[in-house]
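Visitor: Quick note, the sequences are listed as chains A and B, same order. As numbered in our numbering, the first sequence has no gaps in its residue numbers, which increase by one up to the final residue, 296. As numbered in our numbering, the second sequence has no gaps in its residue numbers, which increase by one up to the final residue, 518. The beta-carbon is built from N, C-alpha and C at its ideal position, and this holds for glycine as well. Below is a structure I'd like to ask you about.
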Amino acid sequence: MAMVQPRSVGARRLGAHLALICFVSLIVFPLLLVISISFREGNFATGSLIPERFSLEHWSLALGIPWERPDGSIVQPPFPVLLWLWNSIKVAVVSSVLILMLATTSAYAFARMRFKGKEPLLKGMLIFQMFPAVLSLVALYALFDRLGQFVGWLGINTHGALIVASLGAVALHIWTIKGYFESIDGSLEEAAMVDGASTWQAFRYILLPLSIPILMVVFILAFVMSIMEYPMASVLLVDEHKLTLAVGAQQYLADHNQRWGNFAAAAVLSGLPITVAFLICQRWIIGGLTAGGVKG
Amino acid sequence: MYTTNASRGLPRHRSRHLAERYTRWTLRCLIAVLVIALLWLVLAFHLNGQWMFALLFSVLGGSLAVVFTKRTLMSHRYIFPAVAGLGVFVIFPLLYTIGISFSNYSSSNLLSEERVRSQLLRQTYQEDDAAFDLALYREGDLTRLLLDSGTQQFVSSPLNLENQEIRQIGIQAADALPTSETLPMREMIQARSALQALRLITPDGTELRMAGIRQFAPMLDRYEPRENGTLFDRRDDRLLTPDHTIGFFVADTGERITPGWPVNVGFANYTQIFTDPDIRGPFMQIFVWTFVFAALTVVFTLAVGFVLASLLQWDQLKGKAIYRTLLILPYAVPAFISILIFKGMFNQHFGEVNMILDTLFGVRPEWFTDPWLARSMLLVVNTWLGYPYMLLLCMGLIQAIPQDLYEASAVDGGGPITNLFKITLPLIIKPLTPLLIAAFAFNFNNFVLIALLTGGNPDILGASTPAGTTDLLVSYTYRIAFQDAGQNFGLAAAIATLIFLLVAGMSLLNLRLSKVKV
């Protein structure tokens, strides 16, 4: 608490609250608007934030249930949103688990071992992490196109390709986990190794159980990044039933046929779980993000 | 901090535990299987003539085998999988892209020279002057074809002309004309698709195909291989020579025969970027806009984030936790969803932004067709998306500033504005710089925003490649490579290589400023 207080502190406090409330409402307005639109009737409905003509049509369609209008016509769901969400989650879970495994083992080596080429490798990882995958999309496309001729599940239009391609983003996570490992005192592992444990055992039975929190953080981070991945998925996936949410969602707002209402319901349905998960884990995620780089 | 040498060089005893011995052997088998699978891939790529990929996988398989058999490389086993992932999916594509930038790889020069040659040799043409007149004769439900060239007559067996699949039918020389009723013109037109699918094979092996509504003509191989790799074009009666500097077969007149094959063109793509006015103009315009966009984004997000962070750090303010959660909401919502939300909100006809502007000021700006409005929209949306990151960074850094500085300022009569610019900003700007460079680099390559919000539109007029006024260099590259009918991979790779250089510069600068300790 500051000891020296200006006289007009009450007025200033009020001013700060007013400014913050105005700003927050400006920021949150688009999000509230989308929730409101998802409950409005029709695709071009206008009106106030609280819908005057309440309808569950868009929600029903987003959940894949055909909707019967009051005039008796049946509307079919335009896009398989739930399938896209499932594809996204499937790809994200598998790639996050793989990334976690790769990042943990190498972070252990980088934190605890001495070996040739350690410093250039670590610095190189930091540099290469800044190169966006969009720029080498032609090469990645060619790589998976050729690989697909021999290994079916790694070809174009497979989730395997997308999962494997995401392993390139492992560098950031290695740095995060390495930092955490270095903050744990090594004497426990040393003691275990004096008692006859191998390096692998010291890592597996001593260090890993101590690092559960950071592993959770990295998993969630990798998961969120994979869900939001757009450029690679847009090139590697072709068929509608193979798309991930990030690629599929834009079809609602195609230039000639904008389904604003349907999009709103699908967006809330798929965006809400991710947003809530992010907010619950924000304390850990933000630490990792602000230390390493920018949200991708 | 202690380090282990991962029991390097020490003799390893057979483990006393059975389970552990089994795990060891399973691991060894797994590695062996992996190496064999990689070797198989190397062979497959090699046989296919794709030496780049063969090389990639032989390097991968070789290093896998070495790292997991040499005892002195025990530590490297831990990092191998991650480094391999980085190598195959980041570094190899990067090098491959640089390689492509020196070639004319594009949708017209896609296949290898051998494949192009065999594709050309499969091409046929119809000999018009040797056409056969067609007549159809009804035979019950079926139809018999009669082909008459004036000197030769052929008949087919009775055929079902309901069947529209492509099929080969043998025909025989006709001894006498069929006696049954002929089909009228109207029914011949009806049977047209079935007739087009017929491949009639004469006794000497020539293939006849439909050439006009009442005509069939022989199909001949169009190209004939001649000595030293040239092809003879029978239809147009000319000689085609393979030109290895441009990757096409070329006629004497200079005409190119598509498809071609990729060849090394040296720096042609780079010189094209800087000398061809139809590419240089849009390229420079996009280049400048990319810098302006990234710089303004950093400035705006930093300004908003910094002011909010200073407000939220004020100890007299209550309800900070709620404000903070609401303020980082844009960061928590997946970007691909919030960008699309803005795309709908800025819609010219039914978007909420225009509705509000219409009721307040009576204007309906065309956000997606006017270049400057589209650019300002991008900046507004990107500030909305990006300020929470700056807010979080600034909050962390402001917390580390000792409170007595503000006390001293208050004693000397400094107000909040003085504090902001004389104490807070100077103290956080230095640790912030490397992160600002990273943010600049990220927005420099902010592909998702452009792709989902404007798609680069509105277009730049007079550009020979697809180029938009809101395109960033990355989205420009993407459009050249994947959206245009030309699919000019070589040119796209050349621009990508230029961006690589810029990004490398930025990340080196970043590494130096942040003084990373390894």
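For the region 42–53 of chain B, which residues have a beta carbon sitting closer than 8 Å to at least one beta carbon of chain A?
Guide: Here the close residues are A44, F45, N48, Q50 and F53.
Visitor: Going along chain A, which residues have a C-beta under 9 Å from B:K430?
Guide: Those within 9 Å of B:K430 in chain A number zero; the least Cβ separation is about 16 Å.
Visitor: From B:L147 to B:Q126, what distance separates their C-alpha atoms?
Guide: Their backbone Cα atoms lie some 16 Å apart in a straight line.
Visitor: Can you check whether the CB of A:L98 is closer than 8 Å to the CB of A:I163?
Guide: In contact: A:I163 and A:L98 (Cβ atoms closer than 8 Å).
Visitor: Tell me, which residues are paired with A:E190 by DSSP?
Guide: A:E190 pairs with nothing; no bridge assigned.
Visitor: For chain A, is any of its Cβ atoms less than 8 Å away from the one on B:F361?
Guide: No, no contact with chain A.
Visitor: Chain B beta carbons: is any one of them nearer than 8 Å to that of A:S96?
Guide: So, not an interface residue.
Visitor: Under a three-way DSSP split, which group does B:S534 fall into?
Guide: Shown here, chain B extends from 1 to 518; a query on residue 534 of chain B therefore has no answer.
Visitor: To which residues of the same chain is A:L253 closer than 7 Å at the C-beta, ignoring the five residues directly before and after it?
Guide: Excluding sequence neighbours, A:L253 sits near F263.
Visitor: Just the chain B side, please: which residues come within less than 8 Å of A:W260 by C-beta, in chain order?
Guide: The answer, in chain order, is G344, N347 and F350.
Visitor: Assuming A:L236 and A:I177 make a contact with CB atoms under 8 Å, what is their CB distance in whole Å?
Guide: Not confirmed; about 27 Å, so no contact.
Visitor: When DSSP labels each residue in this structure, what does B:E207 get in the three-state scheme?
Guide: In the structure shown, B:E207 sits in a strand (DSSP, three-state: E or B).
Visitor: Are the region 245–263 of chain B and the region 113–120 of chain B touching by the rule of at least three beta carbon pairs closer than 8 Å?
Guide: They touch, by the three-pair rule.
Visitor: Compare the beta carbon distance of B:Y475 and B:A451 with 8 Å and say whether it is the shorter of the two.
Guide: Inspection of the sequence shows that residue 475 of chain B is occupied by Ser rather than by Tyr. Yes, the Cβ-Cβ distance between B:S475 and B:A451 is below 8 Å.
Visitor: Using a Cβ-Cβ cut-off of 8 Å, state whether A:S106 counts as contacting chain B.
Guide: Interface residue, yes.
Visitor: Short of 7 Å in beta carbon distance, which residues of its chain neighbour A:A107, apart from the five on each side in sequence? Order them along the chain.
Guide: The answer, listed in chain order, is I174, I177, K178 and F181.
Visitor: Is A:S106 helix, strand or coil when you go by DSSP?
Guide: DSSP places A:S106 in helix when its eight states are reduced to three.
Visitor: Is A:R53 close to chain B? Criterion is C-beta to C-beta, closer than 8 Å.
Guide: Closer than 8 Å: no.
Visitor: Please state if the CB of B:D221 and the CB of B:T529 are separated by a distance shorter than 8 Å.
Guide: Nothing about residue 529 of chain B can be reported from this structure: the residues present for chain B run from 1 to 518 only.
Visitor: Between which two residues does the alpha helix (DSSP H) harbouring B:T124 extend?
Guide: Element bounds for B:T124: not the alpha helix (DSSP H) but the beta strand (DSSP E), T124 to Q126.
Visitor: Give the list of continuous alpha helix (DSSP H) stretches no shorter than 4 residues that lie fully inside the region 149–200 of chain A.
Guide: If we require 4 residues or more, the alpha helix (DSSP H) runs fully inside the region 149–200 of chain A come out as 159–165, 171–183 and 187–194.
Visitor: Mind checking whether B:E366 and B:L360 have CB atoms under 8 Å apart?
Guide: No, they are not a contact pair.
Visitor: How is the alpha helix (DSSP H) around B:S193 delimited, first residue to last?
Guide: It spans R192 to Q196 - the alpha helix (DSSP H) in which B:S193 sits, taken as one unbroken run.
Visitor: Is there a Cβ from chain A that is less than 8 Å from the Cβ of B:T477?
Guide: Yes, because at least one Cβ of chain A sits closer than 8 Å to the Cβ of B:T477.
Visitor: Go ahead and pull the three-state DSSP assignment for B:A6.
Guide: Confidence in B:A6 is poor, its pLDDT being 48 and thus under 50, which makes the residue's placement too unreliable to answer from.
Visitor: Would B:Q168 and B:A197 be called neighbours here (beta carbons separated by less than 8 Å)?
Guide: No, Cβ-Cβ distance for B:Q168 and B:A197 is not below 8 Å.
Visitor: DSSP three-state call for B:V380: helix, strand or coil?
Guide: B:V380 falls in the helix class under three-state DSSP.
Visitor: Please report whether the beta-carbon of B:I79 lies at a distance below 8 Å from any beta-carbon of chain A.
Guide: Output row for B:I79: interface = yes.
Visitor: Around the Cβ of A:C281, are there at least 16 other Cβ atoms within 10 angstroms (buried) or fewer (exposed)?
Guide: A:C281 comes out buried.
Visitor: Where do the N-terminal and C-terminal ends of the beta strand (DSSP E) with B:I171 fall, by residue?
Guide: From DSSP, the beta strand (DSSP E) with B:I171 extends over R167 to A173.
Visitor: At 3 residues or longer, what runs of the beta strand (DSSP E) sit wholly inside the region 112–166 of chain B?
Guide: Fully enclosed beta strand (DSSP E) runs of 3 or longer: 124–126, 132–139, 142–148 and 153–156.
Visitor: If you run the structure through DSSP and keep just helix, strand and coil, what is B:I213?
Guide: Residue state, collapsed to three classes: coil.
Visitor: How would you call B:K422, buried or exposed, if buried means at least 16 neighbouring beta carbons within 10 angstroms?
Guide: Counting Cβ neighbours within 10 Å, B:K422 comes out exposed, since fewer than 16 surround it.
Visitor: Is it a yes or a no for the region 330–340 of chain B touching the region 383–396 of chain B, going by three-plus beta-carbon pairs under 8 Å?
Guide: Result yes; three or more Cβ-Cβ pairs closer than 8 Å.
Visitor: Looking at the structure shown, is B:N445 part of a helix, part of a strand, or coil, going by DSSP?
Guide: B:N445 falls in the coil class under three-state DSSP.
Visitor: Pull the bridge partners of A:I74 from the DSSP assignment, please.
Guide: Its beta-bridge partners are A:E68.
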